[in-house]
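Some notes on the structure that comes next.
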Amino acid sequence: MFELTDLLRAVIMGIIQAVTEFLPVSSSGHLVVMREFVHFDEQNNSLTFDVALHVGTSVAVILFFWRDWQNIFHSVFYDIADHGLVLRKWNAHSLLLIWIVIATIPVVVVGFVFQDLIEQNLRQPLVVGVSLIVFGLLIGLMDRLGESRKKLEDIHLSNALWIGIFQAISFIPGVSRSGMTIGAARILGFDRVNAARFSFLLSTPAVIGASLLRFFETQQNNESINLSVLIAGSLISCLVGIIVIRFLLRYLQNGTLWPFVWYRIVLGLLVIAYTMS
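Numbering-wise, the sequence shown is residues 774 to 1050 according to our numbering.
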């Protein structure tokens, strides 16, 4: 176990956060594992690091899908002007915002009710190792059984609810928010690229919410903000996040989720072996 300077730690953790946030391998699980090998002073700007990482990934997903969000809100504006709140008359772009809001509700409820319980009892390497394997296999199975017959505009209320429920499960460290939402969309009949696009759009309120939550925690704890650390962590996680999003969307045009599943299985076995040794 070794110590890192705050700035170097921000860079390394920024890369890890960005890569694992958007690939279906679990960012929370990797951060738990990293803390077993790298000594972090929990009394020294620990929440500041979390704020930096989440701000970066928030900006990454907003920038990458900026045109999508522009189209969505532009469409909502005109649909409200033309049809008011009569949703059955709204077009698919406008309704996408409704489905994202609905799919976000389960994760908000679970986070509000169980966040402290999860933080205190489940952020352990053994839990991460088991989750990486078990939920990795589930994600791979959903991907394999899924059909590619639906596009993003075909999503409806029950689809949004189910995807939201699977997203809420990802509060368990080692599960993977992107993996569960993409897998859920696959089993509901969406092709891989559109499943990933909805997953990333859905991540926008999730990562922004996480950023705000961590920021408020720093204020409540009267924790000082190291500006250089905040900027470094945010920039790195943002830049790497954009690269990872672009890579995954291109890869999923022809690839499956199984390479990530095998990676999860290997890492999970290593974590379990380390924990039991």
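All residues carry an ideal CB built from backbone N, CA and C; glycine is no exception.
Separation of residue j from residue i, as counted between CA atoms
i: A1046; j: R896; result: 17 Å
i: Q790; j: D855; result: 42 Å
i: L868; j: L860; result: 7 Å
i: L870; j: Q940; result: 17 Å
i: Y851; j: I936; result: 27 Å
i: G829; j: C1011; result: 4 Å
i: L1025; j: L796; result: 11 Å
i: V880; j: L890; result: 15 Å
i: L836; j: S976; result: 13 Å
i: L1003; j: A825; result: 5 Å
i: M1049; j: R808; result: 17 Å
i: L974; j: S831; result: 11 Å
i: V1034; j: R950; result: 14 Å
i: M915; j: V1039; result: 19 Å
i: N844; j: T778; result: 43 Å
i: N894; j: V805; result: 13 Å
i: V1013; j: F887; result: 30 Å
i: G1041; j: D841; result: 36 Å
i: T1029; j: S972; result: 16 Å
i: I785; j: V792; result: 11 Å
i: A983; j: L781; result: 23 Å
i: W863; j: H847; result: 12 Å
i: S1001; j: L986; result: 21 Å
i: V966; j: F1020; result: 11 Å
i: F885; j: E892; result: 12 Å
i: Y1036; j: I942; result: 20 Å
i: G962; j: I938; result: 17 Å
i: V849; j: H827; result: 27 Å
i: S904; j: R917; result: 19 Å
CB contact flag (residue i, residue j, <7 Å)
i: L1022; j: A969; result: yes
i: I788; j: I1015; result: no
i: P946; j: G802; result: yes
i: G952; j: V1044; result: no
i: E794; j: A865; result: no
i: S799; j: V900; result: no
i: G1006; j: A783; result: yes
i: S921; j: D964; result: yes
i: G919; j: I873; result: no
i: F838; j: V883; result: no
i: A933; j: I1018; result: no
Bridge-paired residues (DSSP) for residue i
i: F963; result: K923
Per-residue burial, residue i [other beta carbons within 10 Å of its own, 16 or more giving buried]
i: K923; result: buried
i: G857; result: exposed
i: G913; result: buried
i: I853; result: exposed
i: T877; result: buried
i: N1027; result: exposed
i: H929; result: exposed
i: N818; result: Caution is warranted here: a pLDDT of 49 is assigned to N818, below 50, making its placement in the model unreliable, and no coordinate value can be reported.
i: F989; result: exposed
i: P1032; result: exposed
- prompt: When the Cβ atoms of the stretch 950 to 965 are set against those of the stretch 898 to 913, are three or more pairs found closer than 8 Å?
  reply: yes
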